[in-house]
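Numbering (my numbering), first residue to last: 2 to 98.
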């Protein structure tokens, strides 16, 4: 591919497991969820956006519903560290297998 062709990357996203000690619960439609995963996206302007996902606390499959990530310093640090780790992994890629 020619270097003068602009490559349009429409999305960069990573999934991050929330460590046990940082997990929290939230309620949606009367059902309590334990949040276990973050989806972190790199926005076109360079900022990060994150949503949390999890399973119903009472068990079962539940629905795939996103929750806001609380603005807690330890969660902000987790998102930051995950983004930096993902950047390092992308930078060190070895191409298609």
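Quick reminder that beta carbons are idealized off the backbone N, C-alpha and C, glycines included. Treat the numbers as computed from the prediction; the structure is a model and nothing was measured.
* Asked: Quick one: Cα of residue 27 to Cα of residue 7, how far?
  -> As a position in the chain shown, residue 27 is number 26, starting the count at 1. As a position in the chain shown, residue 7 is number 6, starting the count at 1. Distance between the alpha carbons of residue 27 and residue 7: 42 Å.
* Quick one: give me the first and last residue of the beta strand (DSSP E) that residue 51 is part of. => Position 50 of the chain shown, counting from 1, holds the residue named residue 51. That run of the beta strand (DSSP E) goes 49-57.
* **Which of helix, strand or coil DSSP assigns to residue 79** => In the chain shown, residue 79 corresponds to position 78, counting from 1. Assignment of residue 79 by DSSP, reduced to helix, strand and coil, places it in the helix class.
* Asked: Helix or strand or just coil, what does DSSP make of residue 13?
  -> The residue labelled residue 13 in the question sits at position 12 within the chain shown. Residue 13 sits in coil when the DSSP states are folded into three classes, being neither helix nor strand.
* Asked: When the Cβ atoms of the region 66-76 are set against those of the region 86-93, are three or more pairs found closer than 8 Å?
  -> Counting C-beta pairs with one atom in each stretch, the region 66-76 and the region 86-93 have fewer than three that are closer than 8 Å, which means they do not touch.
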